[in-house]
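Enquirer:
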C-alpha cells in the first residue's frame, strides 16, 4: 500500500532481541526453580553448538550460582556466518567486549563468556508477538523482520491527542515486553530506519528536528546497494547531509534504480511501499525450554506460563475459548499433540491448568521434551449474560466445570447423559448420549409402566427361585429392523426379597432382564 | 481420662451427649414416612454420605429418590444427579417416571474403583450435584471420610449403595441357596465366614458416615434398621410400605421352580389366585 510523504512513521529497532529473549527465559527458569524446588540434576542446560566456551551450568549446584545465572553472566550472541558478536549484554560490555568483535578476541578477553548462536528465525517469530501486543494500541503496523517494527503514527494522532501521549502508551507497552529497542520518528520509513540504526533517533513531529538529526547519519546503514554506496563514497557522498547538496539527476546517473528509489524515499520525495500487519485469527505460542524435561508434572509450571500469556491475550480481547491444543516437541520422537476441552468457555489460567493437569498425569513422553506450543484455533467473544444474577447461576457454572474435569480425567466417552427413546423394546428405550450444552426437549414421553431401574445388558438365563407378582406383559415388536422380540414379561420376587423383571420366550425359556431398585 | 479414650476424643471420634445441645438446631429433611422420621430424629441430614446396605433390588433407590423428591420440592434447584458405575444399565424410563429430568442426569463409567471414588469426590464437592450414587463392595475409612467431607462441602448426598455379594456377578451364576448349603456342609468355613462378617459389621460401624441404614424386604414391607446416625439413640428397626407399585398381595401368585438346565419344570399356582 502506498502512502503520501506527509505521514509520520516510527521505526522500532530491537537491537538485542535474541539476547533479551534468552535472558528473560533464564530469569523465568530461575523463578520456576524457586517455585517448584525441583531437583534439576537431570536437567541439562540446552547448550549451543559452541560447547567449547559455553559453560554448562547445573542450576542444582547451589543457589548462588543460580542467582549468578540470571544477572551476572556475560552473554553474547554470535553471528556464525560473519564470526562476529552481534549482541552483547551489559556485563560483557563492562568486561571490555564490544560489538562486532571476533570470537577469538572475545574469548581471550573474557573466559566465562556465554555464547549463543544468532538465529534470525527466533527474532522474526518474536517480533510477531510484540506486534500482536502493539496492535492493541496502534492500528497500522509493518513488520520488518528479523528485528524491527514500523508504526504508522499519523492516523493515531487524533485518537491519542498528539504524538507525546501516543508515544507514552507505546513506551509502556514496550516496557512490558522487556526488550531493548531504539526508536526514531520520521516522515519516511527509510529515514526513520536510518535514524534508528544510527542511534540518532528522537521522537518528534517537527520536520526541522528530524532533518537536523538526519544530517550526520551514514548512508551505509540504508538499503542502498553496497556497490552504489561505494560509488557514492568515491564522489564524496557518505552521509545524509551530502545527499542534499547534489542535484538528484546527478545521483540518478550513478546509481541503480533500486538505490535511487531508496534515496528518493530517504529524501521524502517518494512514498515507500509497505504491507501492514494483520494479526492471525488464531492464537499460537511457542516456548523453547532451557532444559529438557521428561517428567510431565515438571512441565506444569511451563504450561502455566504459556497459559498466563494466553489468558492475558484473551482477557484483552474480552474472549474465551472451549478448546486449546498443546504440542510437545520431543528430542528423539515426533511431536505429540493433545487437545484439551472445556465444557464451559473459560479463559483463566487456573481453570485451564486444572483440566490440563488431570490429563497430563496420564501422558508419558518417549523422550525429553525440549519445546512446547499452545494453539487456540477459535476463541469467541465473551457474552455478557443477561440472566438473573442469583438464579442457579453458580450451580450452572459449577456443573460445567465439574463436567470438564470429569471428561478430561476419565475420557470424553466415559461421562454421558441418558436419553429416553420411544421404543417398546426394553433394552432400546434408554440410550447413552454425550452431554450436550443445550438439551433438546425430550421428544418422547414415557408411558410410565412399572419398569425396573437396572437392566441387564444381556439377559441371562433365570437362576433364582422366584415368585411371580404380575404378568404377563407381552412385548412382541421390532419386526421393522433386525432385532424382533417376542417375550412375555413378568414382575417377580426372589426368595431373597429382590424384585426382578423376568421374561419367557415362546420356547418356554426363562430369562432375567432387570432389577427393580 | 483413659489414654485411649482421650486419644479418640482428641480425634473427635467420640460423640458425647454434651454435644447434643450444641448441635441441636441441625436441619433435617423429612423422609415422608413418619415412622422413619421418628427413628431418625426428624429425618435425613441435609447433606453427607449415606450408606444403604441392602440386597440389590428391594427398592433401595426408590426409597432414596422419594426422599430426594421432598428435598427438591423445598429447594427448586437444577442440580445434577450423578450415577457412577451402576452394576447394570440404568433405565431411562424408570428415572423419568421418578421425576428425574434426564438433562440433570450424568452417567459416569470408570475403569477402576479409584477412578470411581475420585469422580464421586469431585461431583460431591463441586456443589453442582443433588445426589451422587455409587455402588461399591467396600470402602476404607479414609475413603469414606474424604467423600463425607466432599459431600458436606458441596451440600449434596453421596449415596453408597452397598449390595453385599450381589455385585460380584457370582450370585447371578449360582443360586443363593446352593451356596448356603455349601457353607452348612463345611462347618469350619461357616464359622470363619461368621467372624469375618462380624468384623465387617464392626468396620462398617466405625466408618465416618452421616447415616447408615440397612434395608431388608419383609413380604410387602421394607424393614429399615438405622445402623448409625450422627445424633440420636439406637432405635429398633421399623417397617415402611414397600416402594413398589406391584406387590405380592394384589396380584396372582405363582410358584416357579427352576433348575439349571434352562427349562421350566413346573409352575404351581398359588392359592391366592384361586381365591380371586
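Protein chains in written order, with our numbering: chain A, 1 to 517; chain B, 1001 to 1276.
Using N, Cα and C, we set each Cβ at its ideal position, and we do this for glycine too.
Small disclaimer: the values here were computed from a predicted structure and weren't measured.
(1) Rounded to whole angstroms, what is the Cα-Cα separation between residue 304 (chain A) and residue 355 (chain A)?
(2) With DSSP as the reference, label residue 320 (chain A) as helix, strand or coil.
(3) DSSP state of residue 80 (chain A), grouped into three classes?
(4) By the 10 Å Cβ neighbour count, where 16 or more other Cβ atoms means buried, how is residue 507 (chain A) classified, buried or exposed?
(5) What did DSSP end up calling residue 7 (chain A) once you bin it into helix, strand or coil?
(6) Identify the contact partners of residue 453 (chain A) in chain B, using a Cβ-Cβ distance below 8 Å as the criterion.
(7) Can residue 135 (chain A) and residue 14 (chain A) be called in contact, C-beta distance under 8 Å?
(8) Among A:78, A:485 and A:215, which one has its Cα closest to the Cα of residue 476 (chain A)?
(9) Under three-state DSSP, which class holds residue 288 (chain A)?
(10) Examine chain B for any beta-carbon lying closer than 8 Å to the beta-carbon of residue 300 (chain A), and answer yes or no.
(11) Looking at the unbroken alpha helix (DSSP H) that takes in residue 201 (chain A), where does it start and where does it end?
(12) Spatial neighbours of residue 1229 (chain B) within its chain, please: C-beta separation below 7 Å, excluding the five flanking residues on both sides.
(13) Could you check whether the region 317-334 of chain A touches the region 247-264 of chain A, counting it as contact only if at least three pairs of C-beta atoms, one from each stretch, sit closer than 8 Å?
(14) Closest Cβ-Cβ distance between residue 1120 (chain B) and chain A: below 8 Å?
(15) Within a Cβ cutoff of 6 Å, which residues of the same chain sit near residue 86 (chain A), ignoring the five residues on either side of it in sequence?
(16) Between residue 1134 (chain B) and residue 1116 (chain B), which are expected to be in contact by the criterion C-beta below 8 Å, what is the C-beta distance as a whole number of angstroms?
(17) Starting from residue 333 (chain A), trace the beta strand (DSSP E) both ways and give me its first and last residue.
(18) Mapping DSSP to helix, strand and coil, what is residue 359 (chain A)?
(19) The ligand FAD and residue 1143 (chain B): does any heavy atom of the ligand fall closer than 7 Å to the residue's C-beta?
(20) Using CA atoms only, rank isn't needed, just tell me which of B:1037, B:1124 and B:1150 is closest to residue 1067 (chain B).
(21) Please report the straight-line C-alpha distance between residue 517 (chain A) and residue 1120 (chain B), rounded to a whole angstrom.
(22) Any idea which residues DSSP pairs residue 978 (chain B) with across the strands?
(23) Could you tell me which uninterrupted beta strand (DSSP E) segments, each at least 3 residues in length, are contained entirely in the region 397-426 of chain A, listed from first to last along the chain?
(24) For residue 398 (chain A), go through chain B and note every residue whose CB falls closer than 7 Å to its CB, in chain order.
(25) In terms of alpha-carbon separation, which member of A:260, A:138, A:96 and A:376 lies closest to residue 10 (chain A)?
(26) For residue 143 (chain A), which beta-bridge partners are listed by DSSP?
(27) Against residue 498 (chain A), what residues of chain B qualify as contacts under a CB-to-CB distance less than 7 Å, listed in chain order?
(28) For the alpha helix (DSSP H) holding residue 1116 (chain B), just list the boundary residues, first then last.
(29) Restricting to Cα atoms, I'd like to know which of A:235, A:434 and A:128 is closest to residue 255 (chain A).
(30) Using the Cβ count rule (16 or more neighbours within 10 Å means buried), how would you classify residue 172 (chain A)?
(31) Taking 6 Å as the limit between beta carbons, can you name the residues of its chain near residue 1184 (chain B), skipping five residues before and five after?
(32) Could you compute how far the alpha carbon of residue 368 (chain A) sits from the alpha carbon of residue 300 (chain A)?
(33) Could you check whether the Cβ of residue 487 (chain A) sits closer than 8 Å to any Cβ belonging to chain B?
(34) Kindly list the residues whose CB is nearer than 8 Å to the CB of residue 405 (chain A), restricted to its own chain and excluding five residues on each side of it in sequence; keep chain order.
(35) Please name the residue in A:103, A:379 and A:297 whose C-alpha comes closest to that of residue 361 (chain A).
(36) Just how far apart, CA to CA, sit residue 381 (chain A) and residue 319 (chain A)?
Expert: Taking the geometry as given:
(1) 12 Å
(2) strand
(3) coil
(4) Counting of Cβ neighbours within 10 angstroms places residue 507 (chain A) among the exposed residues, the total staying below 16.
(5) In the three-state reduction of the DSSP assignment, residue 7 (chain A) falls in the coil class.
(6) 1061, 1062, 1090, 1091, 1094 and 1095
(7) no
(8) A:485
(9) For residue 288 (chain A), the three-state secondary structure derived from DSSP is strand.
(10) no
(11) It is not in any alpha helix (DSSP H) - residue 201 (chain A) carries neither H nor E in the DSSP assignment.
(12) 1040 and 1211
(13) no
(14) no
(15) Excluding the 5 residues flanking it on each side, residue 86 (chain A) has same chain C-beta neighbours closer than 6 Å at 77, 79 and 118, in chain order.
(16) 6 Å
(17) Run containing residue 333 (chain A): none; DSSP gives neither H nor E here.
(18) helix
(19) As for the ligand FAD, it is missing from this structure, which has no ligand bound.
(20) B:1037
(21) 20 Å
(22) Any property of residue 978 (chain B) remains undetermined from this structure, which presents chain B solely from 1001 to 1276.
(23) 415-420
(24) Against residue 398 (chain A), the close residues of chain B are 1126, 1127 and 1128, in the order they occur along the chain (beta-carbon pairs closer than 7 Å).
(25) A:138
(26) A:149
(27) 1055, 1056, 1057 and 1058
(28) Segment 1113-1126, the alpha helix (DSSP H) holding residue 1116 (chain B).
(29) A:235
(30) exposed
(31) Any reading at residue 1184 (chain B) needs caution, since the residue's pLDDT is 39, under 50, leaving its predicted position unreliable; the model's value is listed next. Cβ within range, chain order: n/a, list empty.
(32) 14 Å
(33) no
(34) 354, 355 and 358
(35) A:297
(36) 4 Å
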